[in-house]
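**Q**
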Amino acid sequence: MQKAELPPWWARTTVYQIYPRSFLDTNGDGIGDLPGIVRKLDYLRDLGVETLWICPFYGSPQEDLGYDISDYDAVAPEYGTRDDVRRLLDEAHARGMRVVADMVLNHTSIEHPWFRESRSSRTNPKRNWYLWRPGKKPGGKAPPNNWRSLVGPRGWHWDERTQEWYWASFLPFQPDLDYRNPEVQEAMLGVVRRWLAFGFDGLRLDIFHALFKDERFEDNPFSTRLLPSEDDPDGFLQSYRRTLHHPETIAFARTLRRVVDEFQDPPRFMVGEVFGQPSALRQYCEGGDGLHSVFLFKAMRAPFTATGFRELVREFEREMPAPLVPTWVFGNHDRSRRGERLGYHPEREKLSVAVQLTARGIPFVYYGEEIGMRDLDLPLATAKDPLARMYRFLPDVVARKLHAAGVLLNRDACRTPMQWSGAPNAGFTAPGVKPWLPLHPAAETVHVEAQERDSASILHCYRRLLRLRKAHPALQAGALELHPEQALPPEVLAYRRTFGDDVLDVLLHFDDATRRVRIPGDCGVALASTYPEPLPIREREVVLRPYEALVLGR
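Per this note's numbering, the very first residue in the sequence shown carries number 470; after that it's consecutive.
(1) If you draw a straight line from the C-alpha of G947 to the C-alpha of L750, how long is it?
(2) Would the region 832–846 and the region 481–493 be scored as touching if the rule is three or more Cβ pairs under 8 angstroms?
(3) Considering only DSSP beta bridges, list what K605 is partnered with.
(4) Which runs of the beta strand (DSSP E) fall wholly inside the region 663–705 and span at least 3 residues, in chain order?
(5) Apply the 10 Å Cβ neighbour rule to E731 and answer buried if 16 or more other Cβ atoms are within range, or exposed otherwise.
(6) Out of curiosity, what's the CA-to-CA distance linking Q945 and D971?
(7) Can you name the start and end residues of the beta strand (DSSP E) that H1031 belongs to?
(8) From what residue to what residue does the beta strand (DSSP E) around I487 run?
(9) For V568, count neighbouring Cβ atoms within 10 angstroms of its own Cβ and tell me buried if that reaches 16, exposed if not.
(10) Under the three-state reduction of DSSP, which class applies to H576: helix, strand or coil?
(11) Does the beta-carbon distance from L760 to A722 come in below 7 angstroms?
(12) Quick one, are the C-beta atoms of V728 and M739 less than 7 angstroms apart?
(13) Under 7 angstroms Cβ to Cβ from P747, same chain only, skipping five residues before and after it: list those, please.
(14) Sorted by chain position, which residues of the same chain lie with C-beta nearer than 7 angstroms to Q752's C-beta, five sequence neighbours on each side aside?
(15) I need the straight-line Cα distance from R662 to W583, nearest angstrom please.
(16) Kindly list the residues whose CB is nearer than 6 angstroms to the CB of L951, restricted to its own chain and excluding five residues on each side of it in sequence; keep chain order.
(17) How close, in whole Å, do the beta carbons of W634 and G604 come, if the pair is a contact with beta carbons under 8 angstroms?
(18) V763: which of F744, G756 and I487 sits nearest, CA to CA?
(19) Under the three-state reduction of DSSP, which class applies to E839: helix, strand or coil?
(20) Taking only three categories from DSSP, how would you classify H424?
(21) Measuring straight from C-alpha to C-alpha, what distance separates D991 and D758?
(22) With distances taken between CB atoms, is the gap from L557 to V518 smaller than 7 angstroms?
(23) If I measure Cβ to Cβ from R817 and keep anything under 6 angstroms in the same chain, skipping five residues before and after, which residues do I get?
(24) Is L695 buried or exposed, if buried means 16 or more other CB atoms sit within 10 Å of its CB?
(25) Enumerated in chain order, which unbroken segments of the beta strand (DSSP E) with a length of 3 residues or greater are wholly contained in the region 717–764?
(26) Any idea if P772 is buried or exposed, counting beta-carbon neighbours within 10 angstroms, 16 or more meaning buried?
(27) Within its chain, find whatever has a CB closer than 7 angstroms to the CB of C930; leave out the 5 residues flanking it on each side and keep chain order.
(28) Would F862 be called buried (16 or more neighbouring beta carbons within 10 Å of its own) or exposed?
(29) Using CA atoms only, rank isn't needed, just tell me which of G624, E629, E532 and N801 is closest to E699.
(30) D1038 and L600 look like a contact to me (Cβ under 8 angstroms); what is the Cβ gap, rounded to whole Å?
(31) For a test of the three-state rule: what should DSSP assign to L558, helix, strand or coil?
(32) Report the option in G830, S539, I988 and R779 whose CA atom is closest to the CA atom of W478.
(33) Answer with buried or exposed for M470, where buried requires no fewer than 16 other C-beta atoms within 10 angstroms of its C-beta.
(34) If you count every other CB in all the chains shown that lies within 10 Å of the CB of H562, and 16 or more means buried, which is it?
(35) Nearest by alpha-carbon distance to F639: which of D559, P702, L521 and F669 is it?
(36) Do you know how far the Cα of V794 is from the Cα of A480?
Printed below as a string of C-alpha cells:
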C-alpha cells in the first residue's frame, strides 16, 4: 500500500459519549460513577471505539446534573474522587484509548464562590466576572433588554439584594461569565490547563457559541421562528444575533487553541457545541488555528432517504473541506435517541450507523446507541431534568407531540440507565437498588448480553464496521467522492473513500425492498455488510436487502 501521512489522531478517531450518572453504578447508590466507567473499559475497547467523552463530573449542586459547576477542580462525590479520574485516564491510556472531558466555559453554578462574591454587592471585585445590568422602568424592575435564553424564557434574572439583573444563557441557576473581563479569561484558561496537564486528551466545549454577547446590550431582532432546531438556534420569535456567534467568540476560539497547543505528545483536541448551518459553523475551525471541529447537528434532521443523505454528505464536503473535518452525530444527552427518529427499526438504525462510520468525519456515538436503546416516556411532573420542570405546566400530551416533532422537553427520556444484561436493574446497579432514573421496559430484552448472542444485532453491526474502519485508512482519513446518482437506483447512495492505495466503495440502500444493483465502481470484493454476512456478488451486480449497507474493496 502506498504510504501517505495520516492526519492527527483526533481527525480519524471514533468518539463514544458517556453520561456517567447512567453508565454503571458500582457503589449501590443508584447513580453511575467513574469506577463504573473503568469497569467497562474492556467492553468499550472491544466495541472498537477509540476516544471516550465523559460528561461533567466536577463539583456541582447537580441542579442541571453536572452542567452547573461550583468547583472546576473538584470531583462530585457521587461520581468518585480525583483518584478515580486518575485511574480512569491511566486505564484508558493503557488500552490505547483517549479521554475527552466535557468543559463548561460559558457559565458556572449560582453556588460557585465566584458568583456568591459577585452578587454580594455592586462593588465586590468579582462583580464584573458576570453580566450584571441595571433594569429599565422605575426601580429597574424591567429587564435590561429583550434577550431570551436558549430554552425560551427571558434570560435576565432579578437580584433583590443588589437591585440589578444578571444574565443566564441557559437556566436561571447558571449565570454567564463575562469574557470581556481578562481575569475571567485567565481563570478559565487556567482550568483548561490544569485538566489537560492532569492527562485529558481534549475537551468537548458546552454551548461554546454563547461566550460573548453584544457589548452594547442591544435588543435581539424579531424572528418568525417559533422553535429553535439543531441547525438554526433562532426561535421563540427572536433572532439570537446579539447573544450567539459573536465575532469575539470566534477570536476566543483561537486564544483557546493556543493554550491547548501548549500540550503536545499527543496533540490535544477540542470540539465545540455550536448550533447553526454548517456554512456558519466552519468559521470556528477555519485557518487551522481555532477549534479542531464542531458538532454538525444537521445530521439529526436529515430526511432518511438516499436523496436526503446525498445532499447532507455533499453539504458537509462543501462546507467542511479537508483539512477541516465534519462530525457525524445522531444523538446525545440533550436530544432524542437516534432510534426514536427511525421508528426503532433495527435495519434502519444499522444503515444510519453505516453512514456514521463510513462517511468522512468524526463519528460521535451516544452510550446505548450500539444496542438501540430507546427514549423513555416520562411525565414532566416527576422529571429530574430542570428543563422539564420549567415546562411542567404543559400537559404531557403536548410534550409527547413536541417529542415526536424532535423537541425533547424532558431530557430524562434519553438519559436512562445503560442496559447491560437481563439481570434486575439491567445490570446497571445492584438488585434492590432504585436507579436514579427508571429503566426502560424494553431493557428486559434489549441489552448488551442479549445482543452479544445475536450475530444480527445492532451491537455486532457496530463491531464489524468499527473493525473495518480501524483496518482501512480510507475510512479513517480518506477523501470522499460521491458516485453519480444517475448510475444508481434512486433509493441507493454510494460514495468512494480513498487514502493512498486504499480504496473502498460504500453502498447505502434506503428502502425496505430487495434490489439488484450494478456496482458503480471497480471495487468488487464485499468486505462488510450491516447484515451478518454479505450476499455473493455475481457479474458485477449485488443484491441489496432492505436498508442494507455494503462496503466493497478491491
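C-beta atoms are modelled at their ideal positions from N, C-alpha and C, and glycine is treated no differently.
**A** The structure says:
(1) For G947 and L750, the distance between alpha carbons rounds to 22 angstroms.
(2) Using a Cβ-Cβ distance cut-off of 8 angstroms, the region 832–846 and the region 481–493 are in contact, since at least three pairs of beta carbons, one from each stretch, lie closer than that value.
(3) The secondary-structure analysis by DSSP pairs K605 across a beta bridge with A611.
(4) Listed in chain order, they are 671–674.
(5) Answer is exposed; the Cβ neighbour count stays below 16.
(6) So the alpha carbons of these two residues sit roughly 11 angstroms apart.
(7) Residue 1031 lies beyond the residue range present for the chain, which begins at 470 and ends at 1023; the question has no answer from this structure.
(8) Element bounds for I487: V484 to I487.
(9) Buried is the call here.
(10) DSSP places H576 within a strand segment (E or B) once states are collapsed to three.
(11) A contact, by the Cβ cut-off of 7 angstroms.
(12) Not in contact: V728 and M739 (Cβ atoms no closer than 7 angstroms).
(13) L765, K767, E784, F785, E788 and M789.
(14) So the list reads I719, once near-sequence residues are dropped.
(15) Looking at the two C-alpha atoms, the distance is approximately 19 angstroms.
(16) Correct list, in chain order: Y964.
(17) Contact flag correct, Cβ pair sits at about 5 angstroms.
(18) Minimum Cα-Cα distance from V763 among the listed residues F744, G756 and I487 corresponds to F744.
(19) In the three-state reduction of the DSSP assignment, E839 falls in the helix class, which pools H, G and I.
(20) What the structure shows of the chain is the stretch from 470 to 1023, and residue 424 is not part of that stretch, so it cannot be assessed.
(21) Those two C-alpha atoms are separated by around 39 angstroms.
(22) Taking C-beta atoms as the reference points, L557 and V518 fail to come closer than 7 angstroms.
(23) Counting only Cβ-Cβ distances below 6 angstroms, and skipping sequence neighbours, we find L811 and Y1016.
(24) So L695 counts as exposed.
(25) You should have 738–741.
(26) P772 comes out exposed.
(27) Excluding sequence neighbours, C930 sits near K819, V822 and T999.
(28) So F862 ends up on the exposed side.
(29) With distances taken between Cα atoms, E699 lies closest to N801.
(30) Within the shown structure, residues of the chain are numbered from 470 to 1023, placing residue 1038 beyond reach of any answer.
(31) Here DSSP, grouped into helix, strand and coil, assigns L558 to helix.
(32) Answer by Cα proximity: G830.
(33) With a pLDDT of only 41 at M470, under the threshold of 50, the placement of this residue in the model should not be trusted, and no figure is reported.
(34) By the neighbour-count criterion, in which 16 or more other beta carbons inside 10 Å mark a residue as buried, H562 falls on the exposed side.
(35) Taking only the C-alpha atoms, the option nearest F639 is P702.
(36) Roughly 7 angstroms separates the two Cα atoms.
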